[in-house]
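Structure first, then comments.
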Amino acid sequence: MKFWLIVNKAAGDGSHSESYWRGYLQAAGIPELHVRGLNETEWEQDVAPGDRVLVAGGDGSVNRVASVCVEREATLGVLPSGTANDFARNLGLPDDPLELCRLMRSGQSVAVDVAWLNGSIFLNVAHIGLGTLPAREASQEQKQRLGRFSYLLTLLRRLRMQRGIHGRIECDDQIVEGPWLTIAIASGSYFGGGHEIAEARIDDGMLNVVAVRHHSWLRVLLAFISTRLLRRTPRPNDTVAHFQSPQCHIQLRHAHTVTADGENLGRMANISAFTRRGVLNVIGSRLVLGRPEAPQAVQYSPNDTPPLERPGPGVQPF
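Counting from 350, one number per residue, gives the positions in the sequence shown under my numbering.
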């Protein structure tokens, strides 16, 4: 069994570098480390089942290493070093770096879900629409200077400019269609630097699909304040549709940019996502679980067209 340390030198503000983590890992009793850069690829085939692969980086770095761990049956260890570090929030990791590295040495692990979108892995959330803008437009300088608030700043700057996307969302036998400002497909509980989806758990084998209708920017801002800042679940008179399902399919009228864990996956019109329960072992002693409120299958504003269980004459063709 080997300890690997995979480092993204460009993550965060650069303070949590290889030397930073190497010192704490050695102090925790891990004298031998196989250190590689995230941009290298040779190490991926050298990882063996049972190895512990520690990644120093943000959510994009964790995503990359997690895919290797799933394929090679290795155990993932997260050393949060990025801007948002949302995946790490699910794990309840210690804030003290030495205590964290001792946990890495102990090898305690939990099993978490992994999701795929059109063949690409994601652990936290995939976005279509407005939610893709922070990953696409927040500069590295902004991320280093403002941290996770750079995401919110980018959203606020572009909120009035964003045009709606027309799409049809299907989760099991539930279907809803309309113009959307943003669509999020979440596997874990956190995204965007700590915003929480109350009912989501990273080990329940379910996706949470949250779609915000394209209304005035003021109504969207009020929905944001209610669901994010006040940490309340969207109500039926809000502008939010919410599904829970192990799989979903989204058909867009036109291709739009899709991001997953902050990485750009390109433009897509036909999107399929699913999750597999407990297929990734991650070093940790506990999971941070969302609040146990049961979401309604679909939520929508009374002024909107209600969701359809089956296509009918009122559904407009793409």
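Even glycine gets a Cβ: it sits at the ideal position worked out from N, Cα and C.
If you check the CB distance, Val474 and Ala533 come in under 7 Å.
Residue burial annotation: Gly378 is exposed, with fewer than 16 other C-beta atoms found within 10 angstroms of its C-beta.
In the structure shown, Leu452 adopts helical secondary structure according to DSSP, grouped into three states. In this structure, Cys520 keeps its C-beta atom at 7 Å or more from the C-beta atom of Phe471. Under the three-state reduction of DSSP output, Asp610 falls in the coil class, being neither helix nor strand. Ala604 is classed as exposed because its beta carbon has fewer than 16 other beta carbons within 10 Å across all chains shown. DSSP, reduced to helix, strand and coil, places Asn439 outside both helices and strands of the structure shown, so it counts as coil. Leu447 and Arg454 have their C-alpha atoms some 10 Å from each other.
Judged by pairs of C-beta atoms under 8 Å, the region 430 to 439 touches the region 400 to 419, as three or more such pairs exist. Separation of the CB atoms of Ala460 and Asp610 is rounded to 19 Å, and the pair is thereby denied contact status at 8 Å.
Collapsing the DSSP output to three states places Gln394 in a helix.
By the CB criterion at 7 Å, Leu530 and Val558 fall outside the cutoff.
The three-state reading of DSSP puts Gln375 in helix, counting H, G and I together. In this chain, the alpha helix (DSSP H) harbouring Arg413 covers Asp408 to Arg421. An exposed status is given to Met350, since fewer than 16 other beta-carbon atoms sit within 10 Å of its beta-carbon. Taking the Cα positions, Met617 is about 28 Å away from Ala359. Here Ala397 is exposed: its Cβ has fewer than 16 other Cβ atoms, across all protein chains shown, within 10 Å. Spanning the alpha carbons of Pro380 and Glu526 requires a straight line of approximately 56 Å.
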